[in-house]
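Counting in this note's numbering, the sequence shown runs from 496 upward without gaps.
We put the beta carbon where it would ideally sit given N, CA and C, even for glycine.
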Amino acid sequence: MELRGNYQKTIGTCRSFPQRKALVVDERRDGVEYYAAMLESYGYQVRRCGSYCEGVRCLDNETFDFVIVSQGTPKFEGSCVLKRAVEIDRSLPVVVVARCLDMGSYIEAMQLGAKDYLVEPLTAWEVGRLLPSQPCLSAAA
């Protein structure tokens, strides 16, 4: 099928829509790079943050379509990123990834407005399932 009009067949992007942006916040460099690589493969421009404070600053200064934040420890230091994201835009999908399941952090994350709380590592398929639908793809259908 040939796409006509403003649509351009590319990897997850469309000429009439800006590239989607994601924020990845994890205090572990390997965690940031792991999820950033996955999101980039889905066509996202990724902002990498190695601290929770930096993640909050990014939310205050930029607009994002998707956020991944690590739980860190059972104290859930990443909750400040989740709280700020929800304050800015209640519909912004924020996914919390945890190194191990902590029911207290799970309940807190879901009550604060997380889209999901999952135990690491997530597969590329799981990340793709969580992403907002691409307006280009739905418009072309």
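CA-CA distance, residue i and residue j?
i: residue 555; j: residue 579; result: 8 Å
i: residue 602; j: residue 513; result: 34 Å
i: residue 525; j: residue 583; result: 28 Å
i: residue 640; j: residue 515; result: An answer regarding residue 640 cannot be provided, because it is not within the stretch 496 to 636 covered by the chain.
i: residue 576; j: residue 548; result: 8 Å
i: residue 541; j: residue 611; result: 19 Å
i: residue 589; j: residue 563; result: 6 Å
i: residue 600; j: residue 593; result: 9 Å
Looking at the strands, I want to know which residues DSSP matches up with residue i.
i: residue 565; result: 592
i: residue 540; result: 516
i: residue 613; result: 592
Report the three-state DSSP secondary structure of residue i (helix, strand or coil).
i: residue 555; result: helix
i: residue 545; result: coil
i: residue 524; result: helix
i: residue 582; result: helix
i: residue 628; result: coil
i: residue 587; result: coil
i: residue 550; result: helix
i: residue 572; result: coil
i: residue 608; result: coil
If I measure Cβ to Cβ from residue i and keep anything under 6 Å in the same chain, skipping five residues before and after, which residues do I get?
i: residue 572; result: 547
In chain order, what residues of the same chain lie with their CB nearer than 7 Å to the CB of residue i, ignoring the 5 residues before and after it?
i: residue 545; result: 522, 524 and 527
Starting from the C-beta of residue i, find all residues in its chain whose C-beta is less than 8 Å away, skip the five residues before and the five after it, and write them out in chain order.
i: residue 621; result: 613
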